[in-house]
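To convert a position in the sequence shown, counted from 1, into our numbering, add 24.
Think of the CB as a built atom: it goes at the ideal place given N, C-alpha and C, for glycine as much as any other residue.
Nothing here was measured: the structure is a model prediction, and the numbers come from that model.
One structure below.
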Amino acid sequence: MGNGTSIGRVRGLGSAHEGAHHWLVQRFTAIGNIVLALFLALSLALLPNYSFATVTGWASQTLPATALALLIVSVFWHARLGLQVLVEDYVHDAGTKFGTLALLNLATIGGGAFGLVSIARLALGGAA
């Protein structure tokens, strides 16, 4: 590897490419969140009224239900990525870091699943 130089001591200790991928995924989910939120806000603003029947009728259509589901997945994925970086940077004890990341994964998967099930219930007409 090396003959005692600084680069020789660190070469082969791990990839430096994951950070760029993580950063890009955060930016892509942020852009997706903005696009989907704008679409949904505009779509909701164009509704004739905001009664329960009108909003559930709107949410049960294919395009809004798909956009809502994509927004839920994107928001929870984006939140998980950002909070993972925060935990990895500022939690130094290995056991605490592992536990915090496990709770973070549980919370984001649980929240996302709850949101997707709620959208499915609205889309399939079972929320009345």
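By the DSSP assignment, the alpha helix (DSSP H) with residue i in it spans what residues?
{"i": "Gln108", "result": "Thr86 to Tyr114"}
Looking at the structure shown, is residue i part of a helix, part of a strand, or coil, going by DSSP?
{"i": "Ser75", "result": "coil"}
{"i": "Arg29", "result": "Correcting the residue type first, residue 29 is Thr in the shown sequence and not Arg. Thr29 falls in the coil class under three-state DSSP."}
{"i": "Phe149", "result": "Here residue 149 turns out to be Gly, not Phe, going by the sequence shown. Coil, per DSSP."}
{"i": "Leu70", "result": "coil"}
Using only CA atoms, which one of the options lies nearest to residue i?
{"i": "Leu148", "options": "Pro72, Ala65 and Thr86", "result": "Thr86"}
{"i": "Ala69", "options": "Phe52, Gly56 and Pro88", "result": "Pro88"}
{"i": "Leu105", "options": "Thr29, Gly135, Arg51 and Ser30", "result": "Arg51"}
Rounded to whole angstroms, what's the CA-CA distance from residue i to residue j? Just pull it up for me.
{"i": "Leu66", "j": "Asp113", "result": "38 Å"}
{"i": "Phe122", "j": "Arg145", "result": "34 Å"}
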